[in-house]
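Each remark here refers to the structure printed beneath this line.
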Amino acid sequence: MANTDSRVTIHMAASLDGFIARKNGSVDWLETSDEFADGETMDPGFVEAFLKTIDCYVMGSRTYETALNFEAKGFGWSYGDKPTFVLTRRQLRRTRDTVEFYSGDLVQFVNGLKPRFRSIWVVGGGALAGECLRLGLADDVRYSILPILIGDGISFFEKLDKDVALHLAEVNAYKSGIVELHYEVRGAKAT
Ligand SMILES: NC(=O)c1ccc[n+]([C@@H]2O[C@H](COP(=O)([O-])OP(=O)(O)OC[C@H]3O[C@@H](n4cnc5c(N)ncnc54)[C@H](OP(=O)(O)O)[C@@H]3O)[C@@H](O)[C@H]2O)c1
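Structural data, given as structure tokens:
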């Protein structure tokens, strides 16, 4: 039986023109410097408490490879000790016990997570986010807009071939110039 309380959230950061990475996969533009005087300050305590509410992460293989590169450069592993599921049809290096690989039907896979996890976070990339929305698997979209335009790149939702109606649930603007938008996918659950 699926856990009816569980929610699937897509979360990524993107440029104002809707890109999550440059065409070559680079995310060098994520470090922006801006100041919005009226913005909120991100409280590290709140962020830490919020991250604890996430029960597992799901990502595409290219995002996993980026995460491994970040770790190799000394930036750490962003997903803590939470179970992290990587979608791939390739044989990839497994660097920790919390990582599991999956290749198969995405609907069956996500529905299979629901009895075990309440808050399921899909953390990219664009190919996986597009697939989740196309298949009607996402309940929430959390979109952090960075104060930058990069002109070209990998879209937040790659190859999305239909309209998806959203309900704007929350907006937060931060001192860093980042705007966080939280949308609920209409028709997903109680929207
Ligand atoms: N700005 C941000 O917040 C953010 C967040 C995440 C990622 N990124 C960036 O986005 C880029 C990666 O995004 P992307 O769209 O190119 O790739 P992606 O979504 O991370 O990964 C796509 C890959 O996932 C696998 N996959 C997807 N659906 C699958 C399914 N149903 N079954 C099995 N495997 C499946 C396939 O891997 P195989 O080819 O291995 O089979 C596919 O090639 C990276 O540059 C990363 O740094 C940015």
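Here the working numbering is used: the first residue of the sequence shown is 1123, the next is one more, and so on.
Note that CB positions come from ideal geometry on N, CA and C, so glycine has one too.
Predicted model only: the values in this text are computed from it and were never measured.
Determine the extent of the beta strand (DSSP E) in which residue i is found, giving its start and end residues.
i	result
V1169	Premise fails: V1169 lies in the alpha helix (DSSP H), 1166-1174, not in any beta strand (DSSP E).
G1273	No beta strand (DSSP E) contains G1273, which DSSP labels as neither H nor E.
T1305	Correcting the residue type first, residue 1305 is Tyr in the shown sequence and not Thr. Note, Y1305: beta strand (DSSP E), 1301-1307.
R1129	1129-1137
Y1141	Per the sequence presented here, residue 1141 reads as Phe, with Tyr not at that position. Counting along the chain, the beta strand (DSSP E) containing F1141 begins and ends at 1141-1143.
Report buried or exposed for residue i, applying the criterion of at least 16 other Cβ atoms within 10 angstroms of its Cβ.
i	result
D1285	exposed
T1206	buried
V1245	buried
V1169	exposed
M1134	buried
A1189	buried
F1172	exposed
F1239	buried
S1185	With the sequence shown as reference, residue 1185 is identified as Thr, and Ser is not the correct amino acid for it. Buried, because 16 or more other Cβ atoms sit within 10 Å of the Cβ of T1185.
L1257	exposed
T1175	exposed
L1290	exposed
A1136	buried
T1131	buried
Can a CB atom of chain C be found closer than 8 Å to the CB of residue i?
i	result
K1284	The displayed structure is made up of one protein chain only, and chain C is not part of it.
Could you spell out where the alpha helix (DSSP H) holding residue i opens and where it closes?
i	result
F1192	1183-1194
My understanding is that residue i touches residue j, with C-beta atoms under 8 Å, so please give their C-beta distance in whole angstroms.
i	j	result
L1303	F1279	Contact doesn't hold; Cβ gap of about 14 Å is too wide.
D1261	R1129	4 Å
L1209	L1250	6 Å
I1142	I1276	5 Å
I1270	T1154	5 Å
E1162	Y1296	5 Å
K1247	K1281	A small fix is needed here, since residue 1247 is Gly in this sequence, not Lys. Not really, about 12 Å apart at Cβ, beyond 8 Å.
V1232	L1259	5 Å
Is the closest heavy atom of ligand 2 to the C-beta of residue i under 7 Å?
i	result
R1216	Among the ligands present in this structure, namely ligand 1, ligand 2 is not found.
Query raised in the report: Quick one: complete alpha helix (DSSP H) runs, 4+ long, within the segment 1208-1295?
Result: 1228-1235, 1248-1256
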